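Numbering (this note's numbering) for the sequence shown: 3 to 335. Ideal placement from N, C-alpha and C gives every residue a C-beta, glycine not left out. Everything numeric in this text was worked out from a predicted model, so none of it was measured.
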Amino acid sequence: MKAIIPVAGIGSRLRPHTHTQPKSLVPVAGNTILGHIIDRLRAAGLTEFVFIVGYLGDKVVRYVRRHYPELQATFVLQEPREGLGHALWLARDTFRHDPDGVLILLGDTIVDVDLPALLATPGSVLAVKEVKTPSLFGLVETAPGGRVRKVVEKPTIPKSNYALVGLYKLAYPEQLALALEWLMTSNVRTHGEYQLTDALMHLIEQGEEMTTAAVDNWFDCGRKDTLLEANARLLNRPEFLEPREYPEFAGTVIIPPVSIGRGCRIENSIIGPNVAIGDKTIVQTTILSNSIIGSYSELRSAVMHDCIVGSDASFRGMNHSLNIGDNTEIDYS
Numbered sequence: 003m004k005a006i007i008p009v010a011g012i013g014s015r016l017r018p019h020t021h022t023q024p025k026s027l028v029p030v031a032g033n034t035i036l037g038h039i040i041d042r043l044r045a046a047g048l049t050e051f052v053f054i055v056g057y058l059g060d061k062v063v064r065y066v067r068r069h070y071p072e073l074q075a076t077f078v079l080q081e082p083r084e085g086l087g088h089a090l091w092l093a094r095d096t097f098r099h100d101p102d103g104v105l106i107l108l109g110d111t112i113v114d115v116d117l118p119a120l121l122a123t124p125g126s127v128l129a130v131k132e133v134k135t136p137s138l139f140g141l142v143e144t145a146p147g148g149r150v151r152k153v154v155e156k157p158t159i160p161k162s163n164y165a166l167v168g169l170y171k172l173a174y175p176e177q178l179a180l181a182l183e184w185l186m187t188s189n190v191r192t193h194g195e196y197q198l199t200d201a202l203m204h205l206i207e208q209g210e211e212m213t214t215a216a217v218d219n220w221f222d223c224g225r226k227d228t229l230l231e232a233n234a235r236l237l238n239r240p241e242f243l244e245p246r247e248y249p250e251f252a253g254t255v256i257i258p259p260v261s262i263g264r265g266c267r268i269e270n271s272i273i274g275p276n277v278a279i280g281d282k283t284i285v286q287t288t289i290l291s292n293s294i295i296g297s298y299s300e301l302r303s304a305v306m307h308d309c310i311v312g313s314d315a316s317f318r319g320m321n322h323s324l325n326i327g328d329n330t331e332i333d334y335s
């Protein structure tokens, strides 16, 4: 089965980090978002990938070719960017003749799901997760027995609270390609864009049966809060919680789980929990928790929590020499 990964989005909700790199290459838990996605799909046996690139797409191409040279990778340019349905329509000739179906996974989405079981499920499967604010998402309505009855993009009056999480296994690629062509030739837009949900609804109306698969966790990594949550959840996996030896960091306490890149210099600091630090970063006299720090950055004299710091960035906090008398309160917060 071939994997289709759309990574063309501009990532406006993750600015300023996406001013200089696509959101799929933002670091999380010792890897990039895209790296985590590729690693999971490879572990499930997928080797053929189609990447739909757009904003800063050359960086995605270089990243994939450098870190995953063994992949059978094809790159499709989406320009202009007019929605997920438009992106897949541009890539339709790369997958429409595949006999084993196609797996679509959004390039800013990390999901916890039994991928081998999902891939082995007969027919087309839409991954879903129950949410509290359904009007913000594409939704699935099911009939008795679990068959998908309707999919709709961000409805004003939701009739379901099961959101599409950006993972789709579609059993009939040629029919999907025809539905995408119908979407474009009929100029069917929702919220101003060509939506995959409209193409899926067209397939359902044509008689294709689809079922759902619930995911354990879903992280839409396009926002700071969900990116930090994904970082913490990924760091709390067994491979990061197992006892490990870190380089000798003078005067430093490490509170797992943490991920520390190569060549870092850390002195007189407290690191963790839930901290990911990139390569060759300098941290001195700093308390750091629940944060993501890029490579080649410098942090000095800081107390930082719930922070995202990009690569090649520098932050210096305040040092104080104080002579404080009785009955005094000073609050720098």
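If you draw a straight line from the Cα of Ser291 to the Cα of Pro259, it is about 10 Å long. Shown here for Val305: same chain residues with a beta carbon closer than 6 Å to its own, the five before and five after excluded, namely Ile289 in chain order. Rounded to the nearest angstrom, the gap between the Cα atoms of Arg191 and Glu155 is 10 Å. Between Ala93 and Ile54 a beta carbon distance of about 5 Å is seen, short of the 8 Å cut, so the two are scored as contacting. Distances from the CA of Val30 to each of Thr158, Asn276, Met186, Gly265 were compared; the closest alpha carbon is that of Asn276. Gln74 counts as exposed, since fewer than 16 other C-beta atoms from the protein chains shown sit within 10 angstroms of its C-beta. Under DSSP, His307 takes part in a beta bridge, and its partners are Ser291. Residue range 59-69 is occupied by the alpha helix (DSSP H) that includes Arg68. Secondary structure note for Gln177: its alpha helix (DSSP H) is the uninterrupted segment 175-187. If you look at Thr228, you'll find it isn't in any beta strand (DSSP E); it sits in the alpha helix (DSSP H) that goes 226-237. The residues Leu117, in chain order, have a CB closer than 7 Å to that of Arg42 in the same chain once the five nearest residues on each side in sequence are set aside. When DSSP states are grouped into helix, strand and coil, Ile159 belongs to the coil group. Residue environment for Gly265: exposed (fewer than 16 other C-beta atoms within 10 angstroms of its C-beta). For the options Val133, Tyr174, Leu229, Glu50, the alpha carbon positioned closest to that of Gly32 is the one of Leu229. In the three-state DSSP reduction, Arg94 falls in the helix class (H, G or I). According to DSSP, residue pairing for Gln286 in a beta bridge involves Glu269, Arg302.
Counting C-beta pairs with one atom in each stretch, the region 193-209 and the region 137-156 have three or more that are closer than 8 Å, which means they touch. A contact is defined here as three or more CB-CB pairs under 8 Å, and the region 67-84 fails this definition with respect to the region 100-113. The beta carbon of Pro136 is closer than 7 Å to those of Pro160, Ser162, Asn163, Ala165 in its chain, skipping five residues each way along the sequence. According to DSSP, Asn33 shares a beta bridge with Val30. Judged by beta-carbon spacing, Gly280 lies within the 7 Å limit of Gly296, meaning their Cβ atoms are closer than that value.
Proximity of the region 180-194 to the region 120-127 falls short of the contact definition, fewer than three beta-carbon pairs being nearer than 8 Å.
For Glu81 and Leu172, the gap between their C-alpha atoms comes out near 25 Å.
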